[in-house]
Amino acid sequence: MERDQELQQKLGGGRGSRGRRRQRERCGLPGKDENPRWGFMCDDVGRRIQGNFVPADGRGGGGLPPASGVCEDGRGRGRGRNGRGRGRRRQRKEKCEADNAPDAAVTPLQERLQDRDILSIKWMTLSDQLDDSFTSPDEKIVPLNRPDRGGTLTIKNAKLRVNHFPVRFNPEGTIRHYDVEVKPEEVQKDGRALRLSKSNLRMIRDKLFSDDPRHFPSSMTAYDGEKNIFSAVPLPTGHFKVELPDGEDICPRAYIFSIKLVNELKLCRLKDYLTGNLFSIPREVLQGMDVVMKENPARSMISAGRTFHSRNSHPDDELGHGIRASRGFQNSLKPTFQGLTMCLDYSVLAFRKRLPILDFLKEHIQGINFNDFRRFRRDAERALKGLKVTVTHRITKQKFTVSGLTKENARRLTFLIEDLDATNASSPTEIGLVEYFWHKYQKDIVYKDIPCLELGKGDRKNYVPMELCVLVEGQIYPKEQLDKKAAIFLKRMSLARPDVRESTINNMVRGIDGPCSGDIISNFGMEVDTNMTSVVGRVISPPELKLCNNSGAAIRVLVDKEKCQWNLVGKRVVDGKSIDRWAIVDFSAADRQRLNPTQFISSLIARCKNLGMPMADPLFYEASSMHMFSNTDALHELLESLNDQAYELSHARLQILVCVMSGKHPGYKNLKWICETRVGLVTQCCLAYHANEGSDQYLANLALKINAKLGGSNTELFDRFRFLEGGGKVMFVGVDVNHPASRNTTSPSISAVVASMNWPAANRYASRVRPQCNRVEKIVNFGDMCLELVESYARINKVKPQKIIIFRDGVSEGQFEMVLNEELLDLKRAFHSINYNPTVTVIIAQKRHHTRLFPESQRDGGFTGNVSPGTVVDTKIVHPSEFDFYLCSHYGSLGTSKPTHYHVLWDEHGFTSDQLQKLTYNLCFTFARCTKPVSLVPPIYYADLVAYRGRLYYEAVVEGHSPASVGSTISSTTSSTTSSSTSLDDRFYRLHADLENDMFFI
């Protein structure tokens, strides 16, 4: 009966059972005793062959709308689910309209859907299809369509402007894609291929095009700086010799520029995708158009990664030490429901200024004295190593990389050289560097008593005096290395108020160096509307929360109307854990900034008691020192002894160990790794300064974290999740991957999966963390990790969850296919192996996007000029057909709020837009360690914390652990081989059995 009701709800609610029965028969749907799963499959050309099947008369809805949002019969968008749609579904076409191919009576897609075998397979559960439908490489799962016309829940509407600028293009146009290869005409002596920089490649391209503008019109082409040229007109193909003039002294100066046509990109394919006539996104067309949109700024601005910055600096942007701040932008094309748009956002970076090397050192190193350079040599070499410079003693555009400083000063440097005047062929003679530069270039070296720059590569020496070198512009200065004052200035600049950010974006779009200026995009038949997109957002109501009063009775709490925050004054947590067995280890005891233990202990006990967490006196107080963090073996021994001491005193496991530190220390990661993977201790770290200050807010935050780590419940939703109740238990899952720095090619990526362990409160999470290969986004052991968490859920609740809702972080649109066709299938196979078939929904959450929402007036937003918490946008700027929305769930007190972009890839629960938006927003109020809604759903927030914790584990393991600290099972591992042999060893990341189901990471 329950399954029948669920099916009825999916097929159109509780009305018209006879009509639904006819629809089942017409569409080949299963009977009422079967339980369908909702999703789509796609064949090798991007046509969906599985999903919410819609008959030819269009009454099934679910169709993709034209870009205007009006279907052919003018009756609306045609997006209703399962018989409730309005408007006729447009017939999908395999080819572009521009191809003028006659329409067949029956399309290949219709032929497949008319096959009863296909229809019978279509409604099987995904688990049942694993052995059949998914074995073909031509059939792939693709994201599902939006189930309705968008949400309707609202407490008020808000008029917004969005930094999406509509792009018009000629659908009959063609962009020609050429592959480019550039090689020196002469092969290097060692036979290795010469790697050319982007700047050199552009210079060679520009020279070829300027030498023959009739055949290579620069204004009709766009270059990505590497291997691809896109052209609005045909270009000659073949091999072309490019010779750079003597003034551009790059060796070798002759290059072979090879160009060949690889594709003709029909813009009608993009039109068909936007209007629903093509299912798979034409990425190659979007790529070509995106390069075209970036061509004008690429020619006139500094390119830094994906951002563009002006070459001109402003005196107010000086950061000191030879560094300046720069305002730039990043732009990209996005297919949206209103059509193609360009999204452009403001960006801030710190750059080293274009200065002579000696001037840079004067600004960068305080008090530097070139007459006593030995004192400053180490600082100078650290500041200059790896930087790019040009030289001034000869005319050249070549850029050199500083590999270091010479051991000797310029006065003492000598080298062998052939006769300078080339008057005889005698053997090489030794000459001083100072004499060489005077004889060869008529340059009298002034600073003879300082080292020269080493600009050579490999064994080739190239010594150049510092006074003849200039820093290349556009070299990013890492923000992590900025001093405190400069870091604060840069952060303030990046956290621009909404009105300032909006004005800056508009100026950049319309600027002479911007993507819309010049004649390049118009030559490709493209035009940009330089006005932001106007859209109406909806503000949905915040949930009512559950806390307890001083007598312990549950009370209903309303959040603040403006900020949606709440406070704990006169209130208690929902489930406060009794803390009977705890201890303090004071690492600050030997420092000037030491803890006042008596004051701190009494204050913490009192605050915990006020919050409904009875707390006894600590079992003991252990004085230690910060030096302990530098000795991993000693730290491990100390923690083991503290654990044993607690067991002797209480005959039970220590609940929590409070660790007081005098300051931040790299050894923090060793403490966490030892406690959480070896000893099995839950720890709470704090700084002595804050502990002594003992503010009520600080102690309350500390108490909330302790309660969550001990399995307590701080805040719950009063009404829970009504539309999920009554259908079995639910588990929320959060997934994230932490990658090493971009230049790190050896460290593993760390995958983390967390899952809620209680229902319906859904605010206690267990976690699993695993290493995987460097910068691999796919979670290799996803199915096994989820299965472990399901088994933990079953042990705690005596039943497995019937519904699983997965929030996945960190993937871009190009990786959706990987999530669906690899991670989801891995999950289903793992469940299938134990004959377990829960319903699953997969939602992607994206924070690394550039969409910003700006209220049109103050009444459309909040006091700070940002949109109000709970603002949802699911029209116009969202995907043309798929199920996505933007949600700003937090209060923006600084800068401009960034909404989170949620994209539903797979849904077996039949969520409506309203249900999923409300579910997501309500979840943001359940984050355990604060009293305000967070910007990202807690499952992902927690997964991010766990993945970062796994990164700390890795660093703790590879940074010189001795065999004793690593453990007896791996006692043969030494510090020299730890990084290579153990970075992917699960044993180093496996949580201690006592902590597997605790929120130790909070």
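Just so you know, the UniProt record's numbering puts 617 at position 617 of the sequence shown, and the rest follows in order with no gaps.
All C-beta atoms in this analysis are idealised placements derived from N, C-alpha and C, irrespective of residue type, glycine included.
{"Item": "How many angstroms separate the CA atom of PRO315 from the CA atom of TYR346?", "Value": "20 Å"}
{"Item": "From the DSSP output, which residues share a beta bridge with TYR346?", "Value": "PHE329"}
{"Item": "Looking at C-alpha atoms only, which residue of VAL472, VAL769, PHE732 and SER662 is the closest neighbour of LEU919?", "Value": "PHE732"}
{"Item": "Roughly how many angstroms separate the alpha carbons of ARG311 and LEU471, rounded to a whole number?", "Value": "14 Å"}
{"Item": "Buried or exposed: which applies to PHE1000, given that a residue is buried once 16 or more other Cβ atoms fall within 10 Å of its Cβ?", "Value": "buried"}
{"Item": "Just to confirm, are SER625 and ALA583 a CB contact at a threshold of 8 Å?", "Value": "no"}
{"Item": "Quick one: what does DSSP say ASP57 is sitting in, helix, strand or coil?", "Value": "For ASP57, the pLDDT reaches just 35, beneath the cut-off of 50, and the residue's location in the model is therefore unreliable, leaving the point undetermined."}
{"Item": "Under the DSSP definition of a beta bridge, which residues are partnered with SER749?", "Value": "GLN772"}
{"Item": "Shortest alpha-carbon distance to LYS260 belongs to which of LYS266, LEU244 and LEU235?", "Value": "LEU235"}
{"Item": "Return the bridge partner residues of LEU160 from the DSSP annotation.", "Value": "VAL535 and PRO855"}
{"Item": "Go to THR446, then tell me how far its beta strand (DSSP E) extends in each direction, as first and last residue.", "Value": "Per the sequence shown, residue 446 should be read as Val rather than Thr. No beta strand (DSSP E) holds VAL446; DSSP gives it neither H nor E."}
{"Item": "The beta strand (DSSP E) with residue 1017 in it runs from where to where?", "Value": "This structure cannot settle anything about residue 1017, because the visible part of the chain is limited to 1 through 1002."}
{"Item": "How would you label PRO245, buried or exposed, when you count the other beta carbons within 10 angstroms and need 16 or more for buried?", "Value": "exposed"}
{"Item": "Okay, do the segment 833-848 and the segment 897-905 touch, 3+ Cβ pairs below 8 Å being the bar?", "Value": "yes"}
{"Item": "Quick check: the Cα distance between GLY870 and LYS156, rounded to an integer number of angstroms?", "Value": "10 Å"}
{"Item": "Which same chain residues, not among the five before or five after ARG170, have their C-beta less than 6 Å away from its C-beta?", "Value": "Rather than Arg, the amino acid found at residue 170 in this sequence is Asn. Taken in chain order, the residues that qualify are GLY525."}
{"Item": "Starting from the Cα of LYS803, find the closest Cα among GLY726, GLY663 and TYR698 and give me that residue.", "Value": "GLY726"}
{"Item": "Take every Cβ of the segment 905-916, pair it with every Cβ of the segment 136-150, and state whether three or more of those distances are shorter than 8 Å.", "Value": "yes"}
{"Item": "Report yes or no: do three or more beta-carbon pairs, one from the segment 694-713 and one from the segment 600-608, lie closer than 8 Å?", "Value": "yes"}
{"Item": "With a threshold of 6 Å on Cβ separation, who are the neighbours of residue 1003 within its own chain once the five nearest residues in sequence on each side are excluded?", "Value": "This structure cannot speak to residue 1003, because the chain is shown only from 1 to 1002."}
{"Item": "Can you name the start and end residues of the alpha helix (DSSP H) that CYS268 belongs to?", "Value": "267-274"}
{"Item": "In the DSSP assignment, the alpha helix (DSSP H) including ARG412 goes from what residue to what residue?", "Value": "ARG412 -> no alpha helix (DSSP H), and no H or E assigned at all."}
{"Item": "Quick check on ARG299 - is its C-beta less than 8 Å from some C-beta in chain B?", "Value": "Of the chains in the structure shown, none is chain B; there is only one protein chain."}
{"Item": "In three-state terms, what does DSSP make of MET731?", "Value": "strand"}
{"Item": "If you follow the alpha helix (DSSP H) that PRO451 is in, where does it begin and where does it stop?", "Value": "Run containing PRO451: none in the alpha helix (DSSP H); it sits in the beta strand (DSSP E), 451-454."}
{"Item": "Would you report the Cα separation of ILE357 and GLU467, rounded to the nearest angstrom?", "Value": "7 Å"}
{"Item": "By alpha-carbon positions, which one of LYS664, GLU562, GLY514 and GLY810 ends up nearest to ALA298?", "Value": "GLY514"}
{"Item": "Is the segment 572-580 touching the segment 535-555 in the sense that three or more CB pairs, one from each, lie closer than 8 Å?", "Value": "yes"}
{"Item": "Among ILE834, ILE656 and LYS334, which has the Cα closest to the Cα of LEU639?", "Value": "ILE656"}
{"Item": "Once you ignore the five residues that flank ILE520 on each side, which residues in its own chain have a CB closer than 7 Å to its CB?", "Value": "SER219, ALA222, VAL292, GLU295 and ASN296"}
{"Item": "If you compare alpha carbons, which of THR632, ILE395, LYS440 and THR396 is closest to ILE417?", "Value": "LYS440"}
{"Item": "Pull up the DSSP beta-bridge partners for ILE598, would you.", "Value": "Reading the sequence as shown, one finds Thr at residue 598 and not Ile. THR598 pairs with nothing; no bridge assigned."}
{"Item": "Could you say which of CYS469, ARG987, SER662 and ASP580 lies nearest to GLU676 if we only look at CA atoms?", "Value": "ARG987"}
{"Item": "If the criterion is Cβ atoms closer than 8 Å, does the pair ILE750 and PRO771 meet it?", "Value": "yes"}
{"Item": "Does DSSP classify ASP249 as helix, strand or coil?", "Value": "Unreliable placement is indicated for ASP249, whose pLDDT of 45 sits below 50; no coordinate value is reported for it."}
{"Item": "What residue range does the beta strand (DSSP E) around GLU813 cover?", "Value": "Note, GLU813: premise wrong, no beta strand (DSSP E); not H, not E."}
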